[in-house]
Structures are given as structure tokens and as C-alpha cells.
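Chemist: Before I ask anything, let me first share the structure, which is written out below as C-alpha cells.
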Amino acid sequence: MSIGNNRATALFHHIRALENLQEVKDEAASDFNERKKLCKEDGFDTNVVTAILKRRKNGEGQTLAFDDLLREYEEAIEEERRFPGFTVRVVDPEPPREEQYDVEPDREQAPPPSEESIFDGPGDGDLRAEQRGES
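full-length UniProt numbering puts the first residue of the sequence shown at 1, with every later residue one more than the last.
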């Protein structure tokens, strides 16, 4: 299948232009990384430099909105620290054990369950007796 001479020529020019741009991009990335190394050698924290670049790229409006939200979150955390009576409830993934429950002292413990079920209706006891071999 042929795409035609004009389209083949156009495709060739696009490919060459993209290859040239990729070379420029690779050189720029290398220069960028070299400049960050120089920042580090001069004693600057490269994470902070990266954050400054990002903030400048985002613009003042978006940066101010982020700063406001960050300040609000930090104030909420500080507020929580000031009132230690208000704690976050952590849910234990294990089910509670029986010894964790308090039994009221004036109530008697329930008797252990018998063989007869509370769901047994009239005549069901006879069926159980037959199953055990009793008649």
C-alpha cells in the first residue's frame, strides 16, 4: 500500500523535524540536570528549587490558592493538638473478646446452652430423640 509521493514527503519532513526537536529536548534536559547539580554544589536544596520552579510555572493565583488550603490544613492539625480530649478513634480490626465485656454484678450469668434449641417447636424434640436412637 502506497501513501503517495506528496504524503510520503510530508511524513519524511515531520519525522526529521521531530528527531531534531528530540535532540534539542535531550540537550535541554541534560543542561537542566547539570544546572540542578550546580545548585546543589552551591548548597541549595534541589527539592526546594524544584518546588519554586513549579510554583512559578503554576502562576500566582494557583499558588495562593494552594497556600491558603495548606495553611487551613495546618491550622486544623494544630487545633486538634491543642485539645487532647478530642482524639481520633482507631477501630480495632479484631472482634472484641468476651473478657472485655463487663458483667453487671447483680445479674446472673446465663446457663450454658442445652442440647435443646430455643428454635425447637412442638414435636421437634421427638425427632432429635429418634436421631439419637431413642424412641
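Glycine included, every Cβ here is placed at the ideal spot set by N, Cα and C.
Where residue 31 and residue 61 are concerned, what is the direct C-alpha to C-alpha distance, given to the nearest angstrom?
Modeler: 29 Å
Chemist: Whole angstroms are fine: how far does the CA of residue 82 sit from the CA of residue 44?
Modeler: Between the alpha carbons of residue 44 and residue 82 lies a gap of roughly 35 Å.
Chemist: With DSSP run on the structure shown, which of helix, strand or coil describes residue 12?
Modeler: DSSP, reduced to helix, strand and coil, places residue 12 within a helical segment of the structure shown.
Chemist: According to DSSP, is residue 67 helix, strand or coil?
Modeler: In the three-state DSSP reduction, residue 67 falls in the helix class (H, G or I).
Chemist: Got a sec, what are the start and stop residues for the alpha helix (DSSP H) residue 52 sits in?
Modeler: It spans 46-58 - the alpha helix (DSSP H) in which residue 52 sits, taken as one unbroken run.
Chemist: How about residue 55 and residue 63: do their beta carbons lie closer than 7 Å?
Modeler: Yes, they are a contact pair.
Chemist: Could you tell me the alpha carbon to alpha carbon distance between residue 40 and residue 67, rounded to whole angstroms?
Modeler: The C-alpha of residue 67 is placed about 26 Å away from the C-alpha of residue 40.
Chemist: Tell me the rounded alpha-carbon separation between residue 24 and residue 14.
Modeler: Their Cα atoms are separated by approximately 15 Å.
Chemist: I believe residue 36 touches residue 48 by the beta-carbon criterion, under 8 Å. Please report the beta-carbon distance rounded to the nearest angstrom.
Modeler: That belief does not hold up - the Cβ atoms of residue 36 and residue 48 are roughly 11 Å apart, past 8 Å.
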